[in-house]
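Comments concern the structure below.
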Amino acid sequence: MVGREAPGRTSVSVAGVRHGFVRKLTNEVRCVKGLQKKPDRASSPAGPDSVVDNQPQGPHMIFSARGDSRRGAGARRDNGFPAARTPSLTDSARAVFAVLAESGEATRPRLAELARLSKPTVSAAMAELEAAGLAARSGTAHGNTGRSAAVYGLGPAAGTVLAIDLGSTHTEVRGCALAGTVLAVRTTDDGIGPADAVRSVLEQLSGPGVGTGPLRAAVVAVPDVAAAPANGSKGTRSSPAPGPRPATARIASALDALGLPEDVPVHVENNVNCAALAELHEGAARGRDSFGYLQVGYGIGLGIVIGGQVLRGANGAAGEVARLPYPWADGQRANPEALEEYVGARSLLCRAEASWQADDGHRPESAEQLFALAAAGHPTARRMVDGHAAEVGRLAAAVTAVLDPGLIVLGGGIGANPQILPGVRAELDRLSWPTEVVSSVLGSSGTVVGATRLAVARGVRAVTDGAPA
């Protein structure tokens, strides 16, 4: 699940990237007179073990080796980024920064309205943020009365974040400003390895013209369960516990080989969960607070969104439909991941090979070739695709039997292909109660878009928490 956006400083639905995440951050930092008190993190719904607007908290940190506290504010790390030392901000400045990050750009009166602070308080907060380089004037707004007002955005010291889709066969790396703007993109389609793609993006982010801010966070989406540490330690504010690691040694080794800076917090999340998050805010599930994102490609997976939040489960394995025991036939031993072997692209090609006749012509060597033949009217290819759509429909019926989500979004290299949509709908209608089924609108970019959302939210939190990233 990776995108192919050409490198360059382009916006990736910036308002969508920020929407929802920062709102609760603002609530946490409203501690001035006349506003609610800052919630106790131990008892708050936004505590370290919760998911705030789909933003996984503390347990997702792999490591956070802090930079040398003796460095000056302008010191630069060996990786080319400034040391991530955010000045100690007042509560009002933190609240204003949070709403400014959510808005992208705003005038002081608008910031006062959004933060529910007085105009003098906002003016003082903006002066504080400007002095720290966290906010800067970006333009002028002209009203109907002829009056003009300064427009502000995030400043050059706000920093950057990294989002990585570490796929089984493809990797995409995006470097983004904390405002959500994409600054650099590299993929392994460019003929380079994942570590080289990371290195290239880091070089661009630390280069001239990007800003003076630190790299505040990195989020890595992996095709695996993000398993919690074995000791279950939650750590402390000054010494965070190790966060989830990929459950599979091969994926964990691939993660370690990326060469990410050791003094930057790195967070791991399942790739299908990231894609579900993207569909919720920017894709086919916008406006829905509960749905299932069913990915079918080389493997299968399910992202579950309930009440506007991605459900991870006690072991971080919610939605691992690949683990459903299969088959159930008499005399056959059910095995974990056998269903993925049957519904995945590799098995589809094997069945096509077994069904291919001499007069069918050249046998397809990939799922893409098989679907292209089916679209052209090839009878055997058409039969194989229709049969596979029915299999996916049965999997969708199992999902609706447990979750009754009301909506299933089909994604992945096979799932997002419009040719299987009618067959999935027909089989689901036959086996279950009415459930809407649609194709993903984000396609292969869904995972990295979701990872970007998480990275931006974590970067904003690094500032509003008043601690180094």
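Residue numbers for the sequence shown follow UniProt numbering, beginning at 1 and rising by one. Virtual Cβ for every residue (Gly too), placed ideally from N, Cα, C.
ask   = CB residue 259 to CB residue 186, shorter than 8 Å?
value = no
inquiry  = By the three-class DSSP mapping on this structure, what secondary structure does residue 431 have?
reply    = helix
query = What residue does the beta strand (DSSP E) around residue 105 start on, and which one ends it?
reply = Element bounds for residue 105: 105-107.
C-beta contact flag for residue 128 and residue 136 at 8 Å = no
request  = State the beta-bridge partners of residue 137 as determined by DSSP.
outcome  = 152
query = When burial is assigned at 16 or more other CB atoms within 10 Å of the CB, is residue 52 buried or exposed?
reply = In this prediction, residue 52 has a pLDDT of 35, which is less than 50 and means its spatial position is unreliable; what the coordinates show is noted afterwards. Residue 52 is buried by the Cβ-count criterion.
ask   = What does a CB cutoff of less than 7 Å around residue 440 pick up in its chain, not counting 5 residues either side in sequence?
value = 279, 283, 284, 409, 410, 411, 416 and 446
request  = Report the rounded CA-to-CA distance for residue 359 versus residue 380, giving the unit in angstroms.
outcome  = 10 Å
message = Could you give the first and the last residue of the continuous beta strand (DSSP E) run that contains residue 273?
response = In the DSSP assignment, residue 273 falls outside any beta strand (DSSP E) and lies within the alpha helix (DSSP H) extending over 271-282.
task = List in chain order: all unbroken beta strand (DSSP E) runs of 3+ residues lying wholly within the region 392-429.
result = 407-411
inquiry  = I need the straight-line Cα distance from residue 256 to residue 111, nearest angstrom please.
reply    = 41 Å
key: Proximity of residue 450 and residue 215 at Cβ, strictly below 8 Å   = no
message = Tell me which residue opens and which closes the beta strand (DSSP E) that residue 215 is part of.
response = 215-222
key: Extent of the continuous alpha helix (DSSP H) to which residue 457 belongs   = 446-464
key: Top-ranked residue by Cα proximity to residue 319, from 361, 438, 453 and 340   = 340
query = In terms of alpha-carbon separation, which member of 188, 189, 219 and 173 lies closest to residue 203?
reply = 173
query = How is residue 69 classed by DSSP in three states: helix, strand or coil?
reply = Note that residue 69 scores a pLDDT of 31, beneath 50, so its modelled location is shaky and nothing firm can be said.
request  = Return the first residue and the last residue of the alpha helix (DSSP H) that residue 204 is part of.
outcome  = 194-205
ask   = Which term fits residue 427, buried or exposed, when burial requires 16 or more other beta carbons within 10 angstroms of its beta carbon?
value = So residue 427 counts as buried.
request  = Look at the Cβ atom of residue 455, then the Cβ atom of residue 432, and state whether they are nearer than 8 Å.
outcome  = no
request  = Can you have a look at residue 332 and say buried or exposed, based on whether 16 or more other CB atoms are within 10 angstroms of its CB?
outcome  = exposed
ask   = Quick one: Cα of residue 191 to Cα of residue 205, how far?
value = 21 Å
request  = Measure the C-alpha to C-alpha separation of residue 304 and residue 120 and round it to an integer number of angstroms.
outcome  = Looking at the two C-alpha atoms, the distance is approximately 44 Å.
query = Anyone know if the C-beta pair for residue 267 and residue 197 falls short of 8 Å?
reply = no
query = Once you ignore the five residues that flank residue 35 on each side, which residues in its own chain have a CB closer than 6 Å to its CB?
reply = Note that residue 35 scores 35 on pLDDT, short of 50, meaning its location in the model is unreliable and no value can be drawn from it.
query = Taking DSSP as the reference, what is the three-state secondary structure of residue 443?
reply = Three-state result, residue 443: helix.
request  = Return the CA-CA distance between residue 169 and residue 438, expressed in angstroms with no decimal places.
outcome  = 26 Å
ask   = Tell me which same chain residues have a C-beta within less than 7 Å of the C-beta of residue 465, skipping the five on either side of it?
value = none
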